[in-house]
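What follows is a short report on a single structure.
In the numbering used here, the protein residues as written are 812 to 1427.
Laid out in structure tokens, this is it:
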């Protein structure tokens, strides 16, 4: 008997279980199938606070949320329509986010007395009517998976591990997702383990068949493909997009890419990814510590490469002296900071916009450094090209501020035509640039380009271009060591003027004609702000939105924009760092909206703030 199909325009699904239950893999495979189908989507992996937490405990809960729709969307969504809970801990940790009427699929096999006690349940929530407001679907996922794999040459534990594939098959049936992509993935992943491969494929199909035959799921859901701009698309995470962007930047600058990094959460994936691309001339160096990593990257820049180092907040602190050295040497250097909750070790697996002030001021002396922040996972690609442009054009270290929300989240990315990428070709110094009083030719390492104030970049070993650079102050032009106070002041002013003069686009404003309130964001707040603004406008209220991508220097028209509105609201996942900078520089009244919970803003909570300020 054919089951009823219900058409919906969007769905938010959250997979949740122990860190060993394969929830990230399950979510990733469902996302890939959804991207292939053509839906617009946004994801939010939520890694456990304690990766090695005891099984079945709240700190060990791993989750993956996917929002997909037949129209353009900006966030992974606020409240899941569907929760797949693999154990009591997963249910308890996520239940508070569910709206009434949401579907809950629970693995009943894990609701034992022992597992219930671990998370403080005296009575099973499956039996005490506490879930009466939800559409509960009890499914013995583990035992059904084991039964479906009887006859396979695998142990019970391996059979139980396949329960995530059973769940994936069930959800794939429920939302009419193809299994072909997952089948191909499993064939590659377990190519050398044929019995494990057969078991996972069997579990996947068993889950699909269960959905098709059981009476507990009486309907399937249909979400039509989204209308996206023509082109070739793929699903991409922020870290992967950033990796590809760095490769593209190396190609466009005609420089070899050298990445030197200590692996640190959540930036490690960039190192891992770039290490796979030696065919593009990429060289990677896994350093023993953060200081060695940036030192090697700066050395590579001195040698004529595109030097890159990646880190997170604690590592940025350790790299501060060498960033100051790069400021003094005036060499291109890309520092990628994938921010996480701080201070110190803080919250390695949770997101936060924690490092703006550190990026701005976290060095000794006057050490101005350009700062660029991508706004979405896909935008990390373009941000990588932008920081490479600034670094090589102006001969300066540049900090790219991503965060865990962007790094691990994903969205459809329109693959660009390589010929459309900006030409960032670099010119090295090849001959002396100064004539001495006696008529001889000399190379002055700090003789600047009058437009950009960039000094010449000479590759060591170029005949006649021998020069001295380093951390001790140099004389303007000639580059000799200088202790002259007037020269030091001049060099400080020149380095600041160089950063102030960087060419960045004006701040664009999306405004309703009668808007008196501006919502201004930076980095990953783009999605929640955009979604909230959309909801405010749907309610018939006027509002303006703008987003800062360049944080040092600010766009030239920033002050003008801020002064054009009665109220400026700045939401940040910190305690108001951008608001502090804007108040200080432009002397405007900024309403700071802050959140430091290791989670991104929800569109609904920003909507309430905006509507209150408008006076609704």
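Note that CB positions come from ideal geometry on N, CA and C, so glycine has one too.
Fair warning: this is a prediction, and the values are worked out from it, not measured in the lab.
- If you check the CB distance, residue 1215 and residue 1264 do not come in under 8 Å.
- Beta-bridge annotation (DSSP): residue 854 is paired with 877.
- Annotation: residue 1164 to residue 1151 spans about 7 Å, alpha carbon to alpha carbon.
- In the displayed model, residue 1019 falls within a helix according to three-state DSSP.
- The three-state reading of DSSP puts residue 1125 in helix, counting H, G and I together.
- Here the C-alpha atom of residue 879 lies approximately 22 Å from the C-alpha atom of residue 917.
- Collapsing the DSSP output to three states places residue 1412 in coil.
- Listed in chain order, the beta strand (DSSP E) elements of length 3 or more contained wholly in the stretch 1336–1363 are 1355–1359, 1361–1363.
- Per DSSP, reduced to three states, the secondary structure at residue 1256 is coil, with no helix or strand assignment.
- Counting other Cβ atoms within 10 Å of its Cβ, residue 1360 reaches 16 or more and is therefore classed as buried.
- The shortest CA-to-CA distance from residue 1221 to any of 846, 938, 825 is the one to 846.
- Taken in chain order, no unbroken stretch of beta strand (DSSP E) lies wholly in the stretch 1226–1305 with a span of 3 residues or more.
- Per the DSSP secondary-structure output, residue 1164 pairs with nothing in a beta bridge.
- In the three-state reduction of the DSSP assignment, residue 948 falls in the strand class, which pools E and B.
- At a Cβ-Cβ threshold of 8 Å, residue 1399 and residue 1373 count as neighbours.
- Here residue 1408 is exposed: its Cβ has fewer than 16 other Cβ atoms, across all protein chains shown, within 10 Å.
- Judged by their CB atoms, residue 873 and residue 858 are nearer to each other than the 8 Å cut-off.
- Spatial neighbours of residue 1424 in its own chain (CB-CB distance under 8 Å, excluding positions within 5 residues in sequence) are listed in chain order as 1328, 1378, 1380, 1402.
- Note that the stretch 1202–1211 touches the stretch 1257–1276; at least 3 beta-carbon pairs, one per stretch, sit closer than 8 Å.
- Nearest C-alpha to residue 1283 among 1274, 1276, 1293: 1293.
- Between the C-alpha atoms of residue 957 and residue 861 there is a straight-line separation of about 28 Å.
- Among the bridge pairs identified by DSSP, residue 1224 is matched with 1045.
- The straight-line gap separating the alpha-carbon atoms of residue 1001 and residue 1103 is approximately 37 Å.
- Counting along the chain, residue 818 sits inside the beta strand (DSSP E) bounded by residues 815–818.
- Per DSSP, the unbroken alpha helix (DSSP H) holding residue 1080 starts and ends at 1079–1085.
- Distance from the CA of residue 1053 to the CA of residue 1225, rounded to the nearest whole angstrom, comes to 14 Å.
- Rounded to whole angstroms, the gap between the alpha carbons of residue 1389 and residue 1365 is 11 Å.
- Residue 1062 is not a Cβ neighbour of residue 848, given a cutoff of 8 Å.
- Taken through DSSP and simplified to helix, strand or coil, residue 932 comes out as coil.
- Looking at the DSSP output, residue 1378 sits in a beta bridge with 1328.
- Contact annotation: residue 1107 and residue 1071 have beta-carbon atoms nearer than 8 Å.
- Between the stretch 1010–1023 and the stretch 956–971 there are three or more C-beta pairs closer than 8 Å, enough to call the two in contact.
- For residue 1133, same chain residues with a beta-carbon under 8 Å away, outside a window of 5 residues either side, are 1102, 1105, 1106, 1109 in chain order.
- Within the DSSP secondary-structure output, residue 1333 pairs in a beta bridge with 1359.
- Within the model, the alpha-carbon separation for residue 937 versus residue 913 is close to 15 Å.
- Taking C-beta atoms as the reference points, residue 1060 and residue 1144 fail to come closer than 8 Å.
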